[in-house]
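Data block below; observations after.
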Amino acid sequence: MPYTRTRKWIIVSVSLVAVILVGSFLYARLYERKNESAVREEGRSAEPSVQSPVPPLTSADVVAQELDIQPPVASNTAMPDQNTCAVSPGAKSGTDLQERLVAEKMDLACKVLGIELDKDIRTEKTPPYNEYRIQVRSTTGDWLLFDPMDGTLLWFLRSSKNIKWHEGEETLLTAREAADRLMEFTKALGEPITVSEADAELVSGDEWHFHVRYDYKGVPVLDARLDAEISAVGGEIIQYSNHPFRVGVVDVTERVSMEEAIATATEFLEQRTQGESAGAIPEPGTKKWIVYPNDYWTPQEGEGLVRADQAKCCWVVRFRTKQWGLMIFFVDVGTGKIVGGFGG
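In the working numbering, the protein residues as written are 2 to 345.
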């Protein structure tokens, strides 16, 4: 009898221990998976993808924004061909003057932003003209894009974990204070652009958005603008995109009227579509822009879209067609010739 009672006690004890161990194991796995899920979710919300950060505006995107249209070329949602870049942001010596100047301007931008660059520096080609850009991340996850020719900071995106968000108790920056903050930033970078509180728009209650157009002799420049987002809480630069206009002299003398430009574009469109667009009516909003001519309508075999170095003053004429969608033409205000555009 004692033996039977002891054996039952042993069986009960072993069973109880087994239940406790199994329960502990299942709880531990559940807790671990919960933590893994939280970490993944936090990572998605706090950091942009290493392969696909939010891209800066391309020339085609700017055309779409300014003319209030859909982008006529594919958007660059993924990072194309990336290769190791020879430029080192910390370089202090070398025989290549351009490389040193680029490195110095990259260093300056990082100093103004109060960040340090990671060692992984790459180049990428951005559409629609496949222009090379220097892409790099900071040690805290911010994204930067530089012009490899002169080191100009073209785009900056601060990691969300480095931004102070509104919690309902802070005193928010006014439009004037945010404009002054952005002016200090652009001045420190050496960018000749004026920003005022009239350019500011409060978004989401805690961000000031700025959109500033570069112009030349009163004519807006299609590919040149500054866009920025400033935290109304901490004053940090959240996002910065700058496409400066650096061509010195452009003849803006109007020798071709808007009506003549529309007639030229209409005739070219009919020839291009072999008469199938006959009767197409240009959309409202034809006006003069400073643009960079391209070979969209006269492509060279085996080459991508090529943009000219010298800007021109052009009438920008656009048509919406059923078969080919949107078609845009740059008509030189001086010669009346079509010097570029975009289309279907």
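Beta carbons are placed, not taken as given, at the ideal position from N, Cα and C, and that holds for glycine.
- Counting the other Cβ atoms within 10 Å of the Cβ of V250 gives fewer than 16, which makes it exposed.
- Taken in chain order, the complete beta strand (DSSP E) segments of 3 or more residues contained in the region 194-243 are 201-204, 208-217, 220-232 and 238-243.
- No Cβ-Cβ contact shorter than 8 Å links I339 with F246.
- Judged by their CB atoms, A110 and L190 are nearer to each other than the 8 Å cut-off.
- Burial is judged here by how many other beta carbons sit within 10 angstroms of a residue's own beta carbon; M328 has at least 16 and is buried.
- A residue is called buried once 16 or more other Cβ atoms fall within 10 Å of its Cβ, and A309, having fewer, is exposed.
- Taking every protein chain shown into account, the CB of D148 has 16 or more other CB atoms within 10 angstroms, so this residue is buried.
- Taking C-alpha positions only, Y130 is separated from R182 by approximately 33 Å.
- Taking the Cβ atoms as the reference, E237 lies roughly 7 Å from K165, within the contact range of under 8 Å.
- DSSP assignment within the region 286-321 yields the following whole beta strand (DSSP E) runs of 3 residues or more, N-terminal first: 288-292.
- Secondary structure note for E255: it is in no alpha helix (DSSP H), with a DSSP letter that is neither H nor E.
- At a Cβ-Cβ threshold of 8 Å, F211 and A229 count as neighbours.
- Rounded to whole angstroms, T322 and A281 show a C-alpha spacing of 7 Å.
- In the three-state scheme derived from DSSP, where H, G and I count as helix and E and B as strand, Q275 is classed as coil.
- As the crow flies, the alpha-carbon of G152 is around 45 Å from that of S278.
- For F147, the pairing in a beta bridge is given by DSSP as I135 and L154.
- By the neighbour-count criterion, in which a residue is buried when 16 or more other Cβ atoms sit within 10 angstroms of its Cβ, L146 is buried.
- With respect to E261, G337 sits close: the two C-beta atoms are nearer than 8 Å.
- Assignment of E125 by DSSP, reduced to helix, strand and coil, places it in the strand class.
- Relative to M107, the option among L155, V222 and T175 whose CA is nearest is L155.
- Judged by DSSP in its simplified three-state form, L118 adopts strand.
- Boundaries of the alpha helix (DSSP H) around L190: A176 to L190.
- Distance from the CA atom of T127 to the CA atom of I135, rounded to whole angstroms, is 10 Å.
- Taking the Cα positions, E255 is about 10 Å away from W316.
- Residue nearest to R159 within the set V196, G305 and R138 is R138 (criterion: CA-CA distance).
- Annotated three-state conformation of V332 is strand, per DSSP.
- L327 carries a strand assignment under DSSP once its states are collapsed to helix, strand and coil.
- Rounded to whole angstroms, the separation of the alpha carbons of G276 and T124 is 44 Å.
- Linking W290 to I239 through their CA atoms gives a straight-line distance of about 30 Å.
- The Cβ atoms of A233 and D216 do not sit closer than 8 Å to each other.
- Residue pairing from DSSP places G341 in a beta bridge opposite F331.
- Per the coordinates, the alpha-carbon of L174 lies some 23 Å from the alpha-carbon of R214.
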